[in-house]
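S.K.: The working numbering numbers the first residue of the sequence shown as 151 and each following residue consecutively.
Cβ atoms here follow ideal geometry from the backbone N, Cα and C, with glycine treated the same way.
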Amino acid sequence: MMQYVELVGIIMNLYVSIFSLYSCRIKWKRLVGMIVITEIISLIFLMLGWQQVTVMAYLIIPCIFMYLQTSDVVLSISLPVAGCLIIIVWDYFLSVLYNYVFLVNQSVIKNDVSIHWITFCIEFIGTYVTSRTIKKFVRDKFKAYNGHLKGTIGVVAAGTLILMLFVFYNTNVVFAPNNSVVNSNTMRIKGIVLFFSYAILLIIVIRTILRGIIKEMELKSKENEFQSLQEYTNKLEKLHKDMRGFRHDYINILLSMAGYIQNRDLEGLERFFDDKIMPLSKAMKSNNFKIGLLQNIEVPEIKGMFSAKIIRAQETGIDVYIDVAESIKSFNMEIIDLSRVIGILLDNAIEASEKCDRPSMKVAVINKDKSVMIVIINNYNEEIPPIYKIYKRGFSTKGDNRGIGLSNLKDIIGKYPNVMLDTVIEDNQFKQIIDIKNKIEEGVFNA
């Protein structure tokens with residue numbers, strides 16, 4: 151009976167740890183469903199006497215669930231393994247307390263249901279607090295540079311966690327203070343020293359790995375910022391050259407008109423107007439950069455992103471309408487993430503719109519009472535696939551394995567419970583509406 155109670159507690163604590171470490175939101179129903187499935191399958195294996203299989207089951211099932219949730223192999227392995235490590239450390243810590251501080255007899259611990267429930271509650275709180283603390287530290291570092299556990303360094307991190315889990319699990323089984331096989335106090339003390347030595351080693355290794363990851367992310371972040379700044383600077387330089395050219399042409403036009411006026415040559419002035427000024431007027435109209443309408447956006451990084459993309463759109467012949475009626479002083483979202491979201495949406499809007507006979511694009515940033523709304527609308531002349539397909543990783547109308555942008559967009563927005571993306575397709579227009587709320591809504595679980 152005690153085995154079943156203990157198993158239920160372990161699985162509950164494991165999921166608490168996983169979703170306390172997880173940065174994205176998840177629905178309560180899905181969480182409860184996965185806990186129930188894991189409990190049932192693990193209990194079946196335990197009743198059959200397959201203890202090792204039971205351990206594998208309640209570790210592998212969360213990995214599968216996390217992969218279905220994130221489509222990230224490294225993350226789906228790292229979170230359950232990290233959760234198990236936290237539980238093992240707390241289990242060992244409580245075993246030491248019971249045996250060497252409170253001097254509770256082993257038979258009492260094994261057979262007393264109340265002690266098991268007290269242990270479960272303490273581990274539950276300890277696991278939750280530890281996981282949230284770790285998440286806050288790691289998330290703050292990662293979000294500062296929009297980082298993800300990917301590539302070689304992600305595989306190394308996951309492999310290190312798995313190795314540590316293997317070492318900790320076996321150390322806990324062999325040298326646990328409540329292990330009746332270990333009768334020697336000297337052996338138990340050696341086990342305690344060994345266990346906590348591994349714990350210190352784990353902290354050092356993980357800290358070293360995190361420093362490497364953060365350094366890599368910082369370099370990539372600075373590289374992306376430099377590229378965006380370079381693109382924006384190039385656009386401004388081109389705009390400056392256009393303005394200098396216009397000033398030169400404007401002076402020449404005035405001088406030419408002055409000559410016709412002085413000679414009272416109205417017919418010549420009319421011909422000059424039709425042949426020279428009207429074509430120039432059309433060229434100026436087609437090259438009418440509207441970035442001045444973005445002056446109400448007071449966040450330099452976001453204004454720069456909008457400016458660079460809108461200038462690019464107008465250079466390709468897209469008619470751009472901009473509406474930023476009120477001052478926008480801040481966004482309740484990390485600037486790097488928001489810049490990526492806006493860049494992805496505008497790039498897709500430009501690409502779809504420029505294929506039309508009369509390409510057009512509308513951009514609006516609206517300051518509402520409780521949120522800031524970003525609306526990007528473009529026309530299109532091709533058949534749009536179902537919305538649920540658009541955001542699948544790898545899907546693209548341009549060919550296989552090129553549809554990365556919108557999938558990344560979904561991943562980025564998924565990190566923020568206060569950000570909603572609404573996609574509407576109607577009247578040959580593709581509308582993307584981002585609503586960034588100033589406060590997090592209730593009713594959504596965000597680990």
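For the candidate residues 477, 424 and 525, whose alpha-carbon lies nearest to that of residue 470?
M.R.: Reading the sequence shown from its first residue, position 320 is the one you call residue 470. It is 525 whose Cα lies nearest to the Cα of residue 470.
S.K.: Of all the alpha helix (DSSP H) runs that stay within the bounds of the stretch 470-524, which reach a length of 4 or more residues?
M.R.: You should have 485-503.
S.K.: Contact between the stretch 278-290 and the stretch 157-169 is defined here as three or more beta-carbon pairs at a separation below 8 Å; is this criterion met?
M.R.: Counting Cβ pairs under 8 Å, three or more are found: they touch.
S.K.: In or out: residue 576 buried (at least 16 other Cβ within 10 Å) or exposed?
M.R.: For this step, residue 576 is matched to residue 426 along the sequence shown. Its Cβ having fewer than 16 others within 10 Å, residue 576 is exposed.
S.K.: Whole angstroms are fine: how far does the CA of residue 511 sit from the CA of residue 171?
M.R.: Residue 171 sits at position 21 when you count from the first residue of the sequence shown. Residue 511 sits at position 361 when you count from the first residue of the sequence shown. One C-alpha to the other measures close to 40 Å.
S.K.: Let me know the alpha helix (DSSP H) ranges lying completely inside the stretch 162-247, each 4 residues or longer, listed in chain order.
M.R.: Correct list: 178-197, 201-220 and 223-246.
S.K.: Please determine, among 213, 231 and 274, the residue with the shortest C-alpha to C-alpha distance to residue 156.
M.R.: Here residue 156 refers to the residue found at position 6 of the sequence shown. Measuring from the Cα of residue 156, the nearest candidate turns out to be 274.
S.K.: Classify residue 323 as helix, strand or coil using the three-state DSSP reduction.
M.R.: Locating residue 323 in the sequence shown gives position 173, counting from the first residue. Residue confidence for residue 323 is low, a pLDDT of 49 falling below 50, so the modelled location carries little weight and cannot support an answer.
S.K.: Suppose you measure from the CA of residue 610 to the CA of residue 271; what does that come to, to the nearest Å?
M.R.: In the structure as shown, the chain begins at 151 and stops at 597. Residue 610 is therefore absent and cannot be evaluated.
S.K.: How would you write the range of the beta strand (DSSP E) that residue 580 sits in, first residue to last?
M.R.: What you label residue 580 is simply residue 430 of the sequence shown in a count that begins at 1. Note, residue 580: beta strand (DSSP E), 579-587.
S.K.: Is residue 529 near residue 578, with beta carbons less than 8 Å apart?
M.R.: For the purposes of this step, residue 529 is taken as residue 379 along the sequence shown, with counting starting at 1. For the purposes of this step, residue 578 is taken as residue 428 along the sequence shown, with counting starting at 1. In contact: residue 529 and residue 578 (Cβ atoms closer than 8 Å).
S.K.: What are the residues that DSSP puts in a beta bridge with residue 571?
M.R.: Residue 571 sits at position 421 when you count from the first residue of the sequence shown. 584.
S.K.: From what residue to what residue does the alpha helix (DSSP H) around residue 462 run?
M.R.: The residue labelled residue 462 in the question sits at position 312 within the sequence shown. 450-465 is the span of the alpha helix (DSSP H), which, as asked, contains residue 462.
S.K.: Let me know the secondary structure DSSP gives residue 275 once reduced to three states.
M.R.: Numbered from its first residue, the sequence shown carries residue 275 at position 125. Looking at residue 275 - three-state DSSP - the assignment turns out to be helix.
S.K.: Give the range of the alpha helix (DSSP H) segment to which residue 416 is assigned.
M.R.: Position 266 of the sequence shown, counting from 1, holds the residue named residue 416. Element bounds for residue 416: 416-422.
S.K.: Should residue 197 be labelled buried (16 or more other beta-carbon atoms within 10 Å of its own) or exposed?
M.R.: Position 47 of the sequence shown holds residue 197. Exposed.
S.K.: Would you check if the stretch 501-516 and the stretch 560-569 touch, i.e. whether three or more CB-CB distances between them fall below 8 Å?
M.R.: Flag = no, the stretch 560-569 and the stretch 501-516 do not touch.
S.K.: Residue 424 CB to nearest chain D CB: under 8 Å?
M.R.: Chain labels in this structure do not include chain D; a single protein chain is all it has.
S.K.: Below 8 Å between beta carbons: does that hold for residue 581 and residue 574?
M.R.: Residue mapping note: residue 581 aligns to position 431 of the sequence shown, counting from 1. Residue mapping note: residue 574 aligns to position 424 of the sequence shown, counting from 1. Yes, these two residues count as a Cβ contact at 8 Å.
S.K.: So, for residue 436: in the same chain, excluding its five sequence neighbours on each side, which residues have a beta-carbon less than 6 Å away from its beta-carbon?
M.R.: For the purposes of this step, residue 436 is taken as the residue at position 286 of the sequence shown. Summary for residue 436: the model assigns pLDDT 49, below 50, so the residue's position carries little reliability, and this model does not support an answer.
S.K.: Would you kindly work out how many angstroms separate the C-alpha atoms of residue 224 and residue 309, rounded to a whole number?
M.R.: Sequence index remark: in the sequence shown, residue 224 carries index 74 (1-based). Sequence index remark: in the sequence shown, residue 309 carries index 159 (1-based). Those two C-alpha atoms are separated by around 9 Å.
S.K.: Report buried or exposed for residue 354, applying the criterion of at least 16 other Cβ atoms within 10 angstroms of its Cβ.
M.R.: On the sequence shown, residue 354 is found 204 positions in, with the first residue counted as 1. So residue 354 ends up on the exposed side.
S.K.: Which same chain residues end up closer than 6 Å to residue 233 when comparing Cβ atoms and leaving out the 5 residues on each side of it in sequence?
M.R.: On the sequence shown, residue 233 is found 83 positions in, with the first residue counted as 1. Excluding residues within five positions, the ones whose Cβ falls inside 6 Å are 164, 167 and 168.
S.K.: Between the beta-carbon of residue 587 and the beta-carbon of residue 520, is there less than 8 Å?
M.R.: Taking the sequence shown and counting its residues from 1, the one referred to as residue 587 is at position 437. Taking the sequence shown and counting its residues from 1, the one referred to as residue 520 is at position 370. The answer is yes: Cβ separation under 8 Å.
S.K.: According to DSSP, is residue 468 part of a helix, a strand, or is it coil?
M.R.: Locating residue 468 in the sequence shown gives position 318, where the first residue counts as 1. Three-state result, residue 468: coil.
S.K.: Expressed to the nearest angstrom, what Euclidean distance is found between the alpha-carbon atoms of residue 410 and residue 416?
M.R.: For the purposes of this step, residue 410 is taken as residue 260 along the sequence shown, with counting starting at 1. For the purposes of this step, residue 416 is taken as residue 266 along the sequence shown, with counting starting at 1. Each residue's alpha carbon lies about 7 Å from the other.
S.K.: Taking buried to mean at least 16 other C-beta atoms within 10 Å of its own C-beta, is residue 127 buried or exposed?
M.R.: Missing from the structure shown is residue 127; the chain here goes from 151 to 597 and no further.
S.K.: Tell me the DSSP secondary structure of residue 446 in three-state form.
M.R.: Position 296 of the sequence shown, counted from the start, is the residue given in the question as residue 446. Residue 446 falls in the coil class under three-state DSSP.
S.K.: Pick out whichever of 516, 160, 422 and 413 has its Cα sitting closest to the Cα of residue 447.
M.R.: Within the sequence shown, residue 447 is the residue found at index 297, counting from 1. Considering only alpha carbons, the answer is 516.
S.K.: Determine whether the beta carbon atoms of residue 491 and residue 584 lie at a separation below 8 Å.
M.R.: Numbered from 1 along the sequence shown, position 341 holds the residue referred to as residue 491. Numbered from 1 along the sequence shown, position 434 holds the residue referred to as residue 584. Their beta carbons are under 8 Å apart, which means residue 491 touches residue 584 by this criterion.
S.K.: In chain order, what residues of the same chain have a beta carbon less than 6 Å from the beta carbon of residue 215, not counting five sequence neighbours either side?
M.R.: Counted from its first residue, the sequence shown places residue 215 at position 65. Within the same chain, residue 215 has close Cβ partners 184.
S.K.: Helix, strand or coil: which one does DSSP assign to residue 531?
M.R.: Counting from one through the sequence shown, the residue named residue 531 turns up at place 381. DSSP places residue 531 in coil when its eight states are reduced to three.
S.K.: Rounding to the nearest angstrom, what Cα-Cα distance links residue 193 and residue 158 in this structure?
M.R.: Position 43 of the sequence shown, counted from the first residue, corresponds to residue 193. Position 8 of the sequence shown, counted from the first residue, corresponds to residue 158. Whole-angstrom Cα-Cα distance: 8 Å.
S.K.: Shortest alpha-carbon distance to residue 189 belongs to which of 205, 178 and 484?
M.R.: On the sequence shown, residue 189 is found 39 positions in, with the first residue counted as 1. It is 205.
S.K.: Have a look at residue 357 and residue 485 and give me their C-alpha separation to the nearest angstrom.
M.R.: By one-based count along the sequence shown, residue 357 stands at place 207. By one-based count along the sequence shown, residue 485 stands at place 335. Near 26 Å, if we compare the C-alpha coordinates of residue 485 and residue 357.
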